[in-house]
Amino acid sequence: MIDYTSYKYLDIQKKWIICEGYLHYRYDHIKLLNLSRFANYYVVLAKTPIEDDTPIFVMYLYGNQKQKPFKFFQLDEYERISDQCSKPIESKYVLFELIGKDKSDIEVFGANNSNERDKWIKHIHQILNRTNHNFISNEPY
1 MIDYTSYKYL
11 DIQKKWIICE
21 GYLHYRYDHI
31 KLLNLSRFAN
41 YYVVLAKTPI
51 EDDTPIFVMY
61 LYGNQKQKPF
71 KFFQLDEYER
81 ISDQCSKPIE
91 SKYVLFELIG
101 KDKSDIEVFG
111 ANNSNERDKW
121 IKHIHQILNR
131 TNHNFISNEP
141 Y
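Taking full-length UniProt numbering, the leading residue of the sequence shown gets 1, the next gets one more, and so forth.
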């Protein structure tokens, strides 16, 4: 069985890809200083088949598209997406949050502009609506 959590970019079939592009990801947060550090990653949002061709929705973050992903998110582990951050974060990016079913599990992403942020939010929101209602079909997401 192939480990879908570690697909290199070239291993992902184009028909699986819903959205892709560069986003900034908060990889470190120092609470005491209220300091967040972001890095730029190539992000792929995909509907990936696993066992028995059952699809799951995932996000891969690549620092280098020829290597395994830096980070992997399985979207059925997340509950909602927010177009703003719950806590003030100083950043030059337009931020949004992916909020886990465990409320302490919050991932912060940044786009270069609001149009780019809105595009990602739209796709992720549609996916979360489907996965949270346990509805996955073979139709395009």
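Each residue gets a CB set at the ideal place from its N, CA and C atoms; glycine is no exception.
{"Item": "For residue 25 and residue 61, which I take to be in contact (beta-carbon distance under 8 Å), what is that distance rounded to the nearest angstrom?", "Value": "6 Å"}
{"Item": "Excluding five sequence neighbours on each side, which residues of the same chain lie with their C-beta closer than 8 Å to the C-beta of residue 67?", "Value": "8"}
{"Item": "On the CB-based measure, 16 or more other CB atoms within 10 Å of its CB, does residue 21 come out buried or exposed?", "Value": "exposed"}
{"Item": "For residue 101 and residue 127, I'd like the C-alpha separation in whole angstroms.", "Value": "15 Å"}
{"Item": "Evaluate contact between the segment 43-50 and the segment 90-98, counting only Cβ atoms and requiring at least three cross-stretch pairs below 8 Å.", "Value": "no"}
{"Item": "Do you know whose CA, among 18, 114, 122, 107, lies nearest residue 55's CA?", "Value": "18"}
{"Item": "Would you mind working out which of 40, 80, 88 sits nearest residue 70, comparing C-alpha positions?", "Value": "40"}
{"Item": "Mark residue 23 as exposed unless 16 or more other C-beta atoms lie within 10 angstroms of its C-beta, in which case mark it buried.", "Value": "buried"}
{"Item": "Tell me residue 110's beta-bridge partners as DSSP assigns them.", "Value": "24, 95"}
{"Item": "Between the alpha carbons of residue 116 and residue 53, how many angstroms are there, rounded?", "Value": "31 Å"}
{"Item": "Closer than 6 Å by C-beta to residue 112: which residues in its own chain qualify, once you throw out the five before and the five after it? Chain order, please.", "Value": "none"}
{"Item": "For residue 4, does the three-state DSSP call read helix, strand or coil?", "Value": "helix"}
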